[in-house]
Each structure stands twice: as C-alpha cells, then as structure tokens.
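Residue numbers (numbering that gives the first Met the number 0), protein chains in the order written: chain X, 0 to 227; chain A, 0 to 383; chain Z, 0 to 343. All residues carry an ideal CB built from backbone N, CA and C; glycine is no exception.
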Amino acid sequence: MDSALVCQDISLLRRGWEGSQRAVLKNVSAVFKAGQVAIISGPTGAGKSTLLHILAGLLRPSQGQVLADNRPVSRWNTAHRDRWRRKVGIVFQHPRLLNELTVLENVILPIIPRVSSIARLRQRGYEALESLGISHLAGQPGFALSGGEQQRVSIARAIVSQPEILIADEPTAHQDETGAAAIIHRLTEWKRPNTITIIAAHDARLRRHSDFADRQFELRCGGLKELQ
Amino acid sequence: MKFRSSYPFLAWAVRDSIRQPLEALLLFLSLASLAAVLGTVLLLSQTLSHTAQRLLKDAPALVIRRVGAGGWAPMPVQESVRLAKSVAGVIGARTRIWGTVNGPGGPVTVFGIDQPLERAGLPDNILLPSPGQAILGPGVMADAKTGVIKLSGTNSLVVQVAAVLDSRTSMVAHDLVLLHPNDARQILGIAPGYARDLAVDVFYDNEAEALLPDLASAYPWPVLLITRREAAGIYSAGLARRSGLAYMTLVPALLALAFIVVGAYKNQSARRYEVGLYKAFGWTTADIFRLQLLKALFSGIPAVVCGLILAYGLVLWPGVSWPGYLLLGWKQYPPLLYLDVSGALLVLLEIALLLFLPYLAAALWPAIKAATTDPQDFLAKEFI
Amino acid sequence: MIWHPLLIAVLVGDLLSLLLLLAAAKTAFKIAIEWAPHSAASRQIRLERAAETGALTTRFALAAFFVASLVLIVAITNVLPAVIPGAMCGTGVLQATDGLGGRALFYRFLVLGIIYIWLILEKLNILRPDRPLTQRNARVLLLVLPFHLLAVSTTMQAVFRIDTHQPVDCCAVVYDQFRNLAVAQQTAGIPNTLWLWIFWTLTILLVFSGLQAWRAKPPGRVKAAGWMALLALLWVPAAAVVLIKVFSAYYYQVLHHHCPWCLFLSDHKFVGIPLFFTLAVVVLEGPTSFITAKIAVTYPQFVQTATRRSQIAGLRILLATIAFIGMVALPAIFWRLQFGVWIR
C-alpha cells in the first residue's frame, strides 16, 4: 500500500482577544499521497502555515487527527511524535537560522543526534548545500547572508536528513528567477515514489511549472478545497 | 557503537556552550569565584573546628584551679595531687606552672616543664630547658643578635633561647615560651612548691562530668573545675564569634548563587525558541535533555572545580597565615595554620552539590518543559 | 517539634509531592471517567495532552516523596538519636513520636509500593505511542492519593510530636517486650524455631516458583507469577521476623536484642540497609511480576515487553532472596565455626 499523510477533520481553535475562540482551521480533510507534490495556496492569514505545522507534527489540532501510514501520529505521546518527526523535513516561512552558527552548522542541526561521526556529519551537510549550489557559503555565519541565501540554507537543512515527508512554507520567497528555478529544480529532483511533498505557496512561479505540482489545494476561511 | 555516536553530540554541546564566549566566560568566573568564596568560608570553619577538636583530645580530661578572693590562687603541688588521686576514677594528676606575661612583640604564654610526661610532643633533638634557658614557639621573636629574650610578669627575667619549635607547631605553640619550672615560678610570682593548676586524667573520659562533685568536695578550698568538653565548647564559641564576620559572606554568596541560577534559567528560557527548533528537526526530549546536561556539565564542572581547588589551597595549604589576620585578630606574625584535611572532601562535595544542583536544575528546565509542549509553542516565542 | 534541617527537608518534600500529586490527580480523575481513545473530539485531544503532563507531574511527585522518605529514614536511623535524649537508635526516635512515627513509615511504604506499580505500568505505557494503559494508570494514581494524604499528615504529626526535653528509653522498648526467656523465644505466639522452619520452607518454595515463573510462557505465566507474588508477600514478613528474632544476634553478638533499627547504625556497618533493601525488592517485585504477566495477556501489544519485565521481576526476587540468605546465614555459620555453637 502506498504511504500517505492524511488530515481527518482537523480543526484548530485559537484564543483571541477578550477570551473568545477563533477557528483558524475548520474540519480540514485531505490525503497527501507518496510520490506527489501538493501545493496549498490561499490568501494571507488563511491558515496555510498553521496547517503545515500540524502536518509536520509541530502543533496538535484541537480536533481531528493526522494519520501517517494509517497511524494517528498527532495523537501520539511526545516521545513517539518526536521520533516520527525525524521523517519530516520542514522549511519555515522565515529561515530561522541560528545566527551565531555557521551555515554548515545550521544545516547539520537535524542530524546531529543520529550520525555517528563528525566527518559523516560534515559530508552530509556539504552534500545538502551542494545540491542547492551554495556550498561556498558553508563557513559563513548565518547573519552575513541575504534573505534569499538564508532561505536556501533552510531548504538544505530540511533535506539533509533525507526525509520521507517534505513540508515547505513559501520556499521560493526572497528568491530571484534563478534562485527560484534552482529550488524548483531541486524539489522536482526530490520527488520520489516514497516521498510526500507539501508546499504552501503564493508564488505563481511554482504553480506555473506543470510538471512540478501534482495536486493543488486552496485554503480559504479555514476550509481546504482541492483545485482541479 | 553507542559511544562513538556521542562524539558529535559532545562536540555540539561544547560548541553550543561557547556560542557566546563572553557570556560563557562570565558564567565561568561567577561560578568559580562563588565556589571559592563559599568553599573557603565553609571549609575554614569546618577544618578549624575539626582540627581544634582533634588537638583538644590531647588535653587533660579535667583542669582544677584554686579560686581565691582576688581571682585564682596557687595550689600546693603535693597536696593537690594527693587530694585529686583520692577520688575514685582519677588515674593521674600533675600540676602545671604557666601564665601570660609580656614578651618582645606582645603577650606570650610561659610554661614551666620538668616532668617527663610533659616531654610528650617535643622532638627528641630538643632538650628540656635548664634554668636560664627557653624554648620558643614559632611566633615569639627573640633578639636576633644576642639570642636572648626578656620576659616581664610579676618579675622580669632574661633567658637564653635554647631552641625554637618548628613552624608546624604553630597552631598549639605559636606564642609559647617553655622554661625551667623555677624560672616560670619566678616570672609568674608563684612560690616554690606551688603551681597554677592541676591537670587530671580519668579512667573513662565520658564520666569526667560525673566526677566533678567528688573532686570539688575533696578540696578544702574553693576550686574551679573545667572538663575537656567545656574547654572545647569555650573554644568553639570563641571561634564562632570570630567567624561571624566570615559567615556574613555567606549571605551575599547565596544571593549571588540565586542570581546565577535565575540568570541561567532566564537565559535558557530565552533560548526556548531554539528548543522548539531542535524539536522541529526531529530532536527528541531525551536528546535535548542530554544536550542541556552536557552543556551544564561542560560549563559548570570546571568552574566549580577551579573554585574549590582555590578554596582548598587557601585553607588547607600547609602554613596559611591569612586567617590569623582576618579571623583571629593578629596584627603581625599570625599563627600558621596546619589544618586537618580529614572531612574536607565531604565539605567540598557538599559545596559542589549546593552550587551545581540549582544551576543544573535551571539549565535542564527547558528540556523538562519540552517534554510535553508542542514545538510550535516555543517557535512562536521567537519574535516576542 | 524540633526544627532539625532534615525534618524540615522531609516536610518540604512531602508537601511538594502532595501538591504535585493533587495536580496530577485532577487529570487522572477526568481520565478515569471520560477517556475515549477512539474519539478525535476536542475533549479527548485535550485530555490526551493533559495525560502526558499529568504523568510527568506524577514522576516528579514520586521523586520528591522518595527523596523525602530516604531523608526521613536517614534522620531516624542515624541523626535524630543524637538529638533525642535517651535514644540510641531509631527505636528511641519512634518512641519519641508516640507511635505516630511507625504508622507514618507504614503509610509511606504503602504509597511507595503503589506508586512503584504505577511507574512500572507507566514505563510500559509510554513504549506504545497510543498509550493504552493510560486509563488503568489513572485509576492506580487515584488509589495512591488517600494513602499519600495519610502518609504526609501522619508524618507531620509525628515530627511535631518530637520533644527533645522528654527523654526516651530505647532499652525499655526492646527488652520490656518479654517478661521471661520463654516469651523472648517466640513471636506472635509462634516459637522462633518454628518461624525458622517457615522461613526456610517459604524460601525454597519461592526459589522454585521463581524458576517456574521464569520459564513459563503466557498465558500460563500468569498463574506461575501469581503464586510467586503470593509466596513473596508471605516470605517477607517471615524473613523480617527471623532476621530480627534470630539472625540479628549474630550481628549484635548479643542474645535477645530484638531491635531492627540498631542494624542501621555505623557500629554494625549499616548492614540494615542491604538487608531491608533485599526485603523491599522482594515485596515490590512480587506483585510487579504478577501484574506485568497479566498485562501481557490482556494487552497483546505488550506481550513481549511485559513478559520480559515479568521475567526481570522474577530474576530480581531470586537474586534478592539469595542475597538475603547470604547476609543472614554467613555470619551465623562463621559464628558456629568459630565457637562451635549457635546463639540461642
């Protein structure tokens, strides 16, 4: 059976001003299959990032569940959820680099507990940077990079652990045409029969590449709809 | 192999600890100096007390002094010894001739020795002083040119210095002048056949208190009886009074510890966003706990160890003299301290735990909080 | 009441553990009545989150209570006798509490025993991501709460009862138990020699049942583990009686000094610690073996881990029994070899 990431009636309530509750997501259901790239678009504040965070296991929904390979991972205890999250690579909307560390150190952050030697750590870090054409930045501190470079570093960080599920929030933000093309190319290469890729994007460049996205969704007013 | 997989982790813990080198250095200095201050104060009081107790074990079980209208009065030697030995439980009694007189540089304690028992403790190469001779303690200054010393009590006497005791006797003999008993009597104004007090040894030390009524009633004149335990208590009380100032350093030291702990907690709390980031990338709570633990050990242990080594040196280095100035009130030529090291390790361990455990708890707090919190809750704090 | 630092530490630890346990019990109560693992409704999701926090809080409560209990035992055995006039060991200290100290210790051991079972179940529970034992564990926690309250309050009363101006008489407690030698040589109406026979019989049965429980496979394991648990619970009091009434003489080298607390003194090399530790292991691991064997049968997802834990419990019982036998029998044997007689 193909693996899949499934949202089942996901709702998220947030406490607003004056103690009232606001539904950020309402009964969102979708199936994201392995070997496919899904793009989720929608207006600003629709809850795209929130949905991605729930799918990545960073946030638990108020109602409903996320199933990975038919297992309710969002309902698991923290220890098991942390271990499942090793299969997930996440690119945040803002790069979230640790500024006092070098680019290479930022990239290898996800795999430090799992790799047995420092040499192997460095090798995998360089490989991830090389795949995005930014290995020359390895020794630079995070704060010295431009926004676009930081975003590419954060993508390298997401793929260094060779995740089965790649979740990216606006990966082509701050990128010029060349940079965006390189990222789209890399993400296209990343598409494999056993990987699930979910991207939240405003960027029309992503939607324009027809051989890139297999499915497109729109999130509006807390609900998710698949676009044909 | 499990051990090998720790290398990157250990390296990361070290790297993360020195990400902000100035902060790391300040923390090191704070912890080390706090350990040094606390260690010095607590170690000094404990080892002084312990050493004093050990030295006092060689003191006589009881001391009897005759009390007169003007204060103390001399005791007849033979009669005093006979009356003491007549009490059941007393196994030995010897008279002592001693007192405080003026010497060069300040008051000194003169002690007349002639009985073989009082030779105990003197090195074999030092002969008992003959009339006109003196053996000086390490803190008594003689005239360097003439080698004589002038002592002024009830009467004055100039005696020749026959020997000087080793500096290692400083704790018990710093201001001591050992004389022939006739010379001691002359200086102190004690008539022949009389002595200052009587040192009594009993069969069973714990029953010394029980003998007090019998001893008091054995003498036809009023006597003051002091047991070894009372003497130790008087000494401890005196030490405690002088140590009061030293103990006042404990209050700011504990405040400093509280600041360090709060600072560590706030620092770690401010970095909870990083904990969220680690968890987002697949680090488990156990990984984060391990990282925080290694960081705390890496930054805390060397600092505490350095501080405690400094404290150990300040207190237990053979012949330290600064406590004499600061605590015992000496203006010049303070006694050199050769303190008993037994029990010191336990005190140092207690101090290490007192300092390190709260710091460790503050450092581990983010990992504990991360155990059940969603990573997004930490990540959302980034911009606050 | 004496404001001894150790006693203050005990009271602070107890209060901390009580507060934590009450916080955890609030969640445990909701879990016990509302737990619905197949539902993904918001109430259940919230409860699942609270269950994790509750489990962590309970662990902290256990740690605080355990540390407080250890400190209390150290205080009773080796610190407070120097402070209470006439007390030479823990017997005198407990006498100073007017009987409340013994009761407090009993409640504390009971609480620690139940929480130990909770901890075993929780360790199994967190091995599975869906935590199937959560509701069962919540009920165990609710069972602990009243005993914990009793333990904390009785300890507090016992501590407040201590008066250092009121001397106690250790020897009166130990030696006034019997009017003549005939009475000294029996316990609860049973002669000590018969207690020895009971002890050795139960020991042999315990060892055999332990071996059988070790080899058995589920579901037969449950019955074997059940027998072992029952034998363990019978063996411990018998072992305690023969330790105090018979074998302690070889440590004290004095007849009829039936005081368990003197074994904890430095004069006797703190031998009471390993001796009573082995008894504690047997009394805790006996029920553990049975309960984990039952879990292995009731929850198929735990069959391997629970069976393994049950086997480990059996092994620990065996080792503890052997260690206890060694510690009581060897001094007796050495005495016999040295002097040619037993002490009696």
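- Residues of chain X with a Cβ closer than 9 angstroms to the Cβ of residue 267 of chain A do not exist, since the nearest Cβ in that chain sits about 15 angstroms away.
- In this structure, residue 106 of chain X sits near residue 152 of chain X, with a CB-CB distance shorter than 8 angstroms.
- Counting the other CB atoms within 10 Å of its CB gives residue 135 of chain X a total below 16, which places it among the exposed residues.
- Contact between residue 319 of chain A and residue 293 of chain A is absent: CB atoms are separated by about 36 angstroms, not below the 8 angstroms threshold.
- Residue 103 of chain Z and residue 150 of chain Z do touch by the CB rule: their CB atoms are close to 6 angstroms apart, below 8 angstroms.
- The C-beta of residue 371 of chain A comes closer than 8 angstroms to at least one C-beta of chain Z.
- When 7 angstroms is used as the limit between beta carbons, residue 63 of chain X is near these residues of chain Z: 39, in chain order.
- Residue burial annotation: residue 220 of chain X is exposed, with fewer than 16 other C-beta atoms found within 10 angstroms of its C-beta.
- For residue 106 of chain Z, the secondary structure class from DSSP, reduced to helix, strand or coil, is helix.
- Counting only residues of its own chain and dropping the five nearest sequence neighbours on each side, residue 181 of chain X has a CB closer than 7 angstroms to the CB of 131, 132.
- Residues of chain Z with a Cβ closer than 7 angstroms to the Cβ of residue 79 of chain X are, in chain order, 128.
- Proximity of residue 51 of chain A to chain X, defined by a Cβ-Cβ separation below 8 angstroms, is not satisfied.
- Per DSSP, residue 151 of chain A lies in no alpha helix (DSSP H) segment; the continuous beta strand (DSSP E) that holds it begins and ends at 147-151.
- Close to residue 308 of chain Z, with beta-carbon spacing below 7 angstroms, lies no residue of chain X; the smallest spacing is near 18 angstroms.
- Those residues of the segment 258-291 of chain Z placed with their C-beta closer than 9 angstroms to a C-beta in chain A do not exist.
- Taken through DSSP and simplified to helix, strand or coil, residue 40 of chain A comes out as helix.
- When DSSP reads this structure, residue 234 of chain A sits in no beta bridge, so it has no partner.
- The continuous beta strand (DSSP E) containing residue 226 of chain A extends over residues 222-226.
- Considering only beta carbons, the part of the segment 12-40 of chain Z lying closer than 7 angstroms to chain X consists of 39, 40, in chain order.
- Its chain contains 280, 284 as the residues whose beta carbon lies nearer than 7 angstroms to that of residue 315 of chain Z, once the 5 sequence neighbours on both sides are disregarded; these appear in chain order.
- Boundaries of the alpha helix (DSSP H) around residue 77 of chain X: 77-83.
- Taking a Cβ-Cβ threshold of 8 angstroms, the residues of chain X close to residue 10 of chain A are 117, in chain order.
- Between residue 283 of chain A and residue 160 of chain X, the alpha-carbon positions lie close to 15 angstroms from each other.
- Between residue 34 of chain X and residue 190 of chain X a beta carbon distance of about 7 angstroms is seen, short of the 8 angstroms cut, so the two are scored as contacting.
- Residue 46 of chain A and residue 236 of chain Z have their C-alpha atoms some 46 angstroms from each other.
- A Cβ-Cβ separation of about 19 angstroms leaves residue 37 of chain A out of contact with residue 295 of chain A under the 8 angstroms criterion.
- At a cut-off of 4 residues, the continuous stretches assigned as alpha helix (DSSP H) that sit fully inside the segment 315-382 of chain A are 321-325, 343-369, 374-378.
- For residue 273 of chain A, the closest Cβ of chain X is nearer than 8 angstroms.
- In this structure, DSSP gives residue 191 of chain X a state outside helix and strand, which the three-state scheme calls coil.
- Among the CB atoms of chain X, none fall inside 8 angstroms of the CB of residue 58 of chain Z.
- Nearest CB-CB separation between residue 52 of chain Z and chain A: below the 8 angstroms threshold.
- Runs of the alpha helix (DSSP H) lying entirely within the segment 95-146 of chain Z and spanning at least 4 residues, in chain order: 99-124.
- Think of a sphere of 7 angstroms around the beta carbon of residue 59 of chain X: the chain A residues whose beta carbon falls inside it are 373, in chain order.
- Residues of chain A with a Cβ closer than 9 angstroms to the Cβ of residue 118 of chain Z do not exist, since the nearest Cβ in that chain sits about 16 angstroms away.
- Sorting Z/325, Z/287, Z/75 by C-alpha distance to the C-alpha of residue 114 of chain Z places Z/287 at the top.
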